[in-house]
Amino acid sequence: MPILQIDHLKKYYGKGNMTVKALDDVSLTVEQGEFVAIVGTSGSGKSTLLHMLGGLDRATEGKVIVDGNDIFAMNDENLTIFRRRSVGFVFQSYNLIPILNVYENMVLPIELDGATADQEYLELLISTLGLKEKVHNLPSNLSGGQQQRVAIARALATKPSIVLADEPTGNLDSKTSQEVLILLKQLSEKFNQTIVMITHNEEIAQTADRIIRIEDGRIVNESEAAGVRGSGVRS
Amino acid sequence: MRSADAGHFNRSYIIFAVTALSLVLGYTGWMMSITGQAERYLWPSVLFVFLFALICVLWLGVMRRRMANIVDTLDQIVEGAIRGQARVTGYSETNLSSLENKLIRYIDLSFHHERKIEAEKNKIKELISDISHQTKTPLSNIVLYSQLLAEQSGLEGDTQQWVKQIRTQADKLDWLIQSLIKMSRLETGIIAMHPDSTSVIDTITRGISQIYRQAEQKGISITIDCDTAIHAHHDPKWTSEVLFNLLDNAVKYSEPGGRIHISVAAYELFVRIDIADTGIGIEEDELHSVFKRFYRCKRTASFEGVGIGLYLAREILSAQGGYIKAASKPGQGTTFSVFLLADGQAKV
Amino acid sequence: MIRTNNRRAVFGLAKKSLRASPVRNWMIIGAVVLTALMITSIFTVTVSLNQSMEQTQMRTAGGDYHGTFKYLTRGESDTLKQHPSIKEYGMSLVVGWVTNEEFKTSSIEVNSIDDNTAKHSFVEFIEGGLPVDEDGIVMNTWALEKLGVPLELGATVPLEIDINGQKISKDFKLSGYYKADQYLTMAGLAFVSPSFVDKYVAQIDPEQTRLSGTYVNTISLNVMFNNSWNIREKLDKVLADTGLDTPTGVNWAYSSVSLFDDAVNLLPYVALILVIMLSGYLLIYNIFYISVVRDIKFYGLLKTIGTTPRQLKRIIVIQANLLFIIGLPIGLGLGYGLGCLLIPMLTSFSDLTMDISYSVSPWIFIGAAIFSYITVRISASKPGRIAARISPVEAVKYAGVSKTGRRGLKRTLHGSKIYKMALGNLLRNKKKVILMLASLSLGLILFSMIYTLISSMNVNKYLNSFIAGDYVVKDEIMEVKTGVSENGTYALTEEVVQGLSQIAGVDRVDKVYFKTDTLPMSAEVRALLEPLAKEENPDMPMYSPLLETGQLSIQVYELDEGWYDVLNQSDIAAGEFDREKFKTGKYVLVSEAILDESEQSFYRPGDKIEWGQSGKSYEVMAVVKLDALYAAGVKFYDIAGVRAFLPLQESKSSQPDSIILNATLHVDPNQADLADTVIRANTDSVPGLILKSRDDYKAEMQGFITIFQTVGYGLSFIIGLIGLMNFMNTMITGIIARRHEFAILESIGMTKKQLRKMLIYEGLYVVVFTAVILGTFGMLLTYGLIKSIAENIAFTVFHMDVLPIAASIPLLAIISIVVTVLAYRMLAKDTVVARLREVE
């Protein structure tokens, strides 16, 4: 069963002649455990697509089915809970909660769900992402790369089934980018997480199993990347 | 467990009921004393007590129904999660929904791990077939060239001896690799057994035929005591391999002029084949170890071998539902007992 | 289903975000304190006033017993007090009456009471206690002073006591005394010992005295039940249970009107609380609203990572609750203090005389806390909903530099004129502007109304109802006692007045002559009174004696010409007052009469009226209202009686048996100081004269005006302050929230000066809009509302002063400019690049 199923998704802004087609009839299937990169120029609609997948925005038409659930059929409350439990977001601008320290940022989604954090796993995340020294720091005291690693830690902390990353390395230098990406990949592999990543950087995109090109709201080309996670997983 | 729980619940019910009732009665009594025991306050009080009790009972009923519902839902959740069906509770702000989410994730991950292990197994399988495939040609080349070398006239005495050694070692390596392949195939379940009802004497004969020459050379006699009518549920090809291994050992560890006796007995569940020799025997504390992979007895260190024959024997037998055991007295000889499934037993 | 336990996480978030904005917190705490303070003080005042009233009533009723069984024999009282429903009781035995000369006018009853009765009847001993010895006695300070007995235990008290017609003279020894209660009737009580009773009273048969009506040796059993519900019923039940039949009495203090019984009494308090809640709401709501809008990205982020709308709402509510918890005790404490300060001020101009008691009822605090909490909760709910409704994409997009940048750019190109840009910026968030304008204008309009009302208060108009000239001289008898005594002791004579008029500096003396007479009842009047007589309480007949005699009482006044000016047009109910015609002496002004609650005129202009035996009839020139010429007349009215005003001709009364009620002196302002001393010396030399000057009345009035001003200005100040705080808050946060936009504007070449100018324009637009609202709607409201209020209050003359309102506009403008400049300076400290980055 595919984890993600996008069915004739459309998102229009404005009305009449002024209509901007951010997404124009996009269909896509992502299998569990896959690492998909969505590539496109700025304004091509890739961010809109990602927002739709995470239930941050609602579509004009079409369906997004995540793990068998039509997410647009859910109300705001349930959609938020879905996001909290099943989706981990990593943004270009990190989007950490400025008033919470690194650890609190990480466990917030877990605590919001009324659960207690899996300490062992968190420690693994923290040490893997090299945040041990920074656990009690506020985001404002961290460098960009560190903040991005915290964002990744937060996204993975709930062990979500999908990780949605919007230009996760956009604000990082190329060395840090590579590091962050590898970490993201390793960790998600461990927990069989599906990754959908937006990037405009072809080199970054090569890390993925599959590259989807999007232009003017449409998927133009889909190609298998040189990723190692191949056929064996997709069954 | 269940009844104990129920008893506990009843006790707490009683405590609550008594507390509530005494509260209401106390209140009523108090009100009565304040209002001067006027009768017109009595009936509202009685009505109040009655309604209060009624509400309590109704509430208890509702709670019970609720609890039953929760257990039901839990059941559905577990069932659904195992079968990979749609979520029962969806995404809502409840404990159950949170629990379901965790359960589904856990089951997901378990499946994932299972698949991963499977994939690793497959990799080993490929590796093994690759090894056997890739070593075959170089090995046979070594054998071929050593033969050619041996046929070359005019070799010095020592040289002749070395060439012979190369030949022997190459054979041994070949055998080792073949054994390893067999072993790993058996372990990973690649080798498929085809057990069938087959005559036991045929299989024994097949095993002996491979060792007979060696035994004869060493002056060791082999006797068989077997009813030709005995059939057992086994794969004759692999079982004869087992017997060959056992006989090979018997010949190897017996002094020239020794005896090997094979006897077959049919039991209700198993068919037993005993192979008794008059060899050096096995120390008692080593008996349980001889079936281990690469295990070699201390006293056999001077003999050739890699310590894989008995291990393979056991693997093959257990793959078709049989087993093997050994009994020995050091210096007097060893008896290996092979148990094969009796005919009628295979269907069970 | 069991909800997930995420309270801790949500609570933690709320606490953290509280910590992140201390300034806002202090503002909200301040607002909470203010709201709680005002509500608490109102609660304190109402509850305390109510308690004071109740206390006063109990004192007037003579005790706090629930009820009394009267005129019992000893046996009967023993039976009754055994009844299980009686929780407490006290006995009081009638002994007789004090017949000393000193107490001829106000009799003193002699009783023998037990400790319980003393305790519950407000007999609070200054010294000593109830008598034990046969010659022991307890009296109050007033009676002792009247007797001339020194206030010390053991002093000899010579009394004559009438016990069932038998007179006993005895020298008692004072065993205790207590303070005379000003609210109790002067008919005091004296308490003797049980041994005195045994000796002189015990042998008298109570059955007999019950018949004869002296009730000597009968017992009143004062009882307390479990509670004060249905006292009448409980008394009856006790009687029914014991089979006795005696008169009973219910303590009316328990059933009488309290402040809370009549919703109308509470209305102004309710209205005041609502106004406070509204202003508190505006303040707290605004702060929260702005903080939510400012932190929109924060809330959007929370939603993105899985904070549900409900949890977001909770975050806001928890913040509000925590701030409320901090602010509440301060508000309650200060409010209680303020309330206690206000109570004496308020009681001082209430017509009820009462002991001030400060209630510490927990209901004050519970009520105030609840109302304050409601205010806070409502204030936080809407911002909570806004936070909950935030689209997460919005919040994520906020990070994007390009989009906001482009938006700002477009605007710049569109309206290159700075003032146009400012207007555009302002109108971008219409709701916020409307809210700000509403709160600002509301405060100013309220201020304007209260100011107008206060400035409309006219001291002279008020004084005219008490004093028409500079001094008024009255006779003690007429002022203190209600009735005319024999002329012989009357101090205000023709000679005295003559003397006063000859004092240097006294320009004129206006005399008022007064007499009471009877007026035959006309058939019309009879028809009016008869239905009233049927409804009256037979125990307290009011109209039937009048109907029996067929006579009404009439107060006849003769006025000097100076009084004509005091008569206002608004005092005249019917007809026309013509000075010259009136002077002829053929005409009379007749007042309306009090009938129950209403006032009714018995006459119409043109009617003839005739009273007493004079045989002279007058034509009614005009009917005046009951309180017309109040300063001229006596302070009492007769039931269904009228007042007739005649001119005083040649300073001589035309009516027989008239007395000079008062003389009003008009003094030459130049010689006022000298005249004052002489007038005072003159009146002091004649015992029984009372002199009151205009300044005395003014001083009395001033206290009242001060209270009114304190409360009024205080209220309008607070409301104005709230509006101003709103205004400042919105300005500052508006600037802070747009700092990124400003940075963009600056990066594309707008100078700091231009930016500052634009912001100042924005502030000034708000001021201008406020001025427009004030100038139209505000003025209209002030004029319409306050005029109608002022016309209904006796001592106000509507007077509209636009100046303070007009002055508030430039003040606002200055505040707006200062706030803008300060806020911008704070902002402009960082470099453009730093500010551009900050938002990301």
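Residue numbers (full-length UniProt numbering), protein chains in the order written: chain A, 1 to 235; chain B, 1 to 348; chain C, 1 to 840.
Positions of the beta carbon are idealized from the N, C-alpha and C atoms, including for glycine.
What are the residues of the stretch 49–64 of chain A that lie near chain B, defined by any Cβ-Cβ distance shorter than 8 Å?
-> Against chain B - using a Cβ distance shorter than 8 Å - the stretch 49–64 of chain A contributes no residues.
Would you report the Cα separation of residue 70 of chain C and residue 194 of chain C, rounded to the nearest angstrom?
-> One C-alpha to the other measures close to 19 Å.
Which residues of chain A have a Cβ atom closer than 7 Å to the Cβ of residue 109 of chain B, listed in chain order?
-> Here the neighbours are 191 and 192.
Separation of residue 295 of chain C from residue 822 of chain C, as counted between CA atoms = Inter-residue distance for residue 822 of chain C and residue 295 of chain C is about 22 Å (C-alpha atoms, whole angstroms).
Cβ neighbours of residue 710 of chain C in the same chain (closer than 8 Å, five flanking residues each side left out) = Cβ within range, chain order: 345.
Can you name the residues of chain A whose CB is closer than 9 Å to the CB of residue 306 of chain C?
-> For residue 306 of chain C, the chain A residues whose C-beta falls within less than 9 Å of its own C-beta are 80, 81, 82, 83, 84, 85, 87, 108, 109, 112, 113 and 158, listed in chain order.
Could you tell me which uninterrupted alpha helix (DSSP H) segments, each at least 4 residues in length, are contained entirely in the stretch 33–95 of chain B, listed from first to last along the chain?
-> Every alpha helix (DSSP H) stretch that sits fully inside the stretch 33–95 of chain B and reaches 4 residues is listed by chain position as 42–83.
Contact set for residue 179 of chain C: own chain, Cβ-Cβ below 8 Å, skip 5 residues either direction | Counting only Cβ-Cβ distances below 8 Å, and skipping sequence neighbours, we find 124, 126, 140 and 141.
Span of the beta strand (DSSP E), counted from its first residue to its last, around residue 145 of chain A = Element bounds for residue 145 of chain A: not the beta strand (DSSP E) but the alpha helix (DSSP H), 144–157.
Compute the beta-carbon to beta-carbon distance between residue 427 of chain C and residue 723 of chain C, rounded to the nearest angstrom, for a pair I have assumed lies under 8 Å.
-> The distance from the Cβ of residue 427 of chain C to that of residue 723 of chain C is about 21 Å, inconsistent with a contact at the 8 Å cut-off.
Identify whether residue 164 of chain C lies in helix, strand or coil by the three-state DSSP scheme.
-> Reduced to three states, the DSSP call for residue 164 of chain C is coil.
Within 10 angstroms of its Cβ, does residue 174 of chain A collect 16 or more other Cβ (buried), or is it exposed?
-> With fewer than 16 other Cβ atoms within 10 Å, it is exposed.
For residue 643 of chain C and residue 468 of chain C, the rounded distance between their alpha carbons | Going from the Cα of residue 468 of chain C to the Cα of residue 643 of chain C covers about 19 Å.
Grab me the residues of residue 674 of chain C's own chain with a C-beta within less than 6 Å of its C-beta, minus the 5 sequence neighbours each way, in chain order.
-> By the criterion of a C-beta distance shorter than 6 Å, residue 674 of chain C is surrounded in its chain by 505, once the five residues flanking it on both sides are discounted.
Would you kindly check if the distance between the Cβ of residue 153 of chain B and the Cβ of residue 206 of chain B is under 8 Å?
-> The Cβ atoms of residue 206 of chain B and residue 153 of chain B lie no closer than 8 Å to each other.
Contact between the stretch 124–135 of chain B and the stretch 97–108 of chain B: three or more CB pairs below 8 Å?
-> Cβ pair count under 8 Å is below three, so no.
Whole-Å CB distance - residue 520 of chain C paired with residue 550 of chain C, under 8 Å assumed = Indeed they touch by this definition, with Cβ atoms about 6 Å apart.
Buried or exposed: where does residue 285 of chain B fall if 16 or more other Cβ atoms within 10 Å of its Cβ makes it buried?
-> Classification for residue 285 of chain B: exposed.
Alpha carbon to alpha carbon, how far is residue 200 of chain A from residue 218 of chain A? Give it in angstroms, no decimals.
-> Across the structure, residue 218 of chain A and residue 200 of chain A are spaced so that their CA atoms are roughly 15 Å apart.
Per-residue DSSP class, three states only, for residue 36 of chain A | Taken through DSSP and simplified to helix, strand or coil, residue 36 of chain A comes out as strand.
Mind pulling the chain C residues with CB within less than 8 Å of residue 77 of chain A?
-> Result: 308, 309 and 310.
Per DSSP, cross-strand counterpart(s) of residue 111 of chain C = Bridge partners of residue 111 of chain C: C:94 and C:191.
Check the Cβ of residue 161 of chain A against every Cβ in chain B and list those closer than 9 Å, keeping chain order.
-> The answer, in chain order, is 104, 105 and 108.
Min CB distance residue 126 of chain A to chain C below 8 Å | False, the Cβ-Cβ gap to chain C never drops below 8 Å.
For residue 380 of chain C and residue 71 of chain B, the rounded distance between their alpha carbons = Near 39 Å, if we compare the C-alpha coordinates of residue 380 of chain C and residue 71 of chain B.
For residue 878 of chain C, the first and last residue of its enclosing alpha helix (DSSP H) | Outside the displayed span of chain C (1 to 840) sits residue 878 of chain C, for which this structure offers no information.
Is the Cβ of residue 69 of chain A closer than 8 Å to any Cβ of chain B?
-> So, interface residue.
So, residue 293 of chain B versus residue 339 of chain B, is the Cβ gap smaller than 8 Å?
-> No.
Residue from C:216, C:174, C:84 and C:128 with nearest C-alpha to residue 166 of chain C = If we check each option's Cα against that of residue 166 of chain C, C:216 comes out closest.
Identify whether residue 649 of chain C lies in helix, strand or coil by the three-state DSSP scheme.
-> Of the three classes helix, strand and coil, the one that applies to residue 649 of chain C here is strand, per DSSP.
Member of C:648, C:499 and C:518 whose CA lies at the smallest distance from the CA of residue 685 of chain C | Closest by alpha carbon: C:499.
Note down, in chain order, every chain A residue with its Cβ under 9 Å from the Cβ of residue 852 of chain C.
-> In the structure as shown, chain C begins at 1 and stops at 840. Residue 852 of chain C is therefore absent and cannot be evaluated.
On the three-state DSSP scale, how would you describe residue 245 of chain B?
-> Correct three-state label for residue 245 of chain B: helix.
Where the alpha helix (DSSP H) through residue 299 of chain C begins and ends = Per DSSP, residue 299 of chain C belongs to the alpha helix (DSSP H) from 296–304.
Of the residues C:377, C:225, C:720 and C:624, which one's Cα is nearest the Cα of residue 313 of chain C?
-> For residue 313 of chain C, the nearest C-alpha among the options comes from C:377.
What does residue 630 of chain C pair with, by DSSP beta-bridge criteria?
-> The beta-bridge partner set that DSSP reports for residue 630 of chain C is empty.
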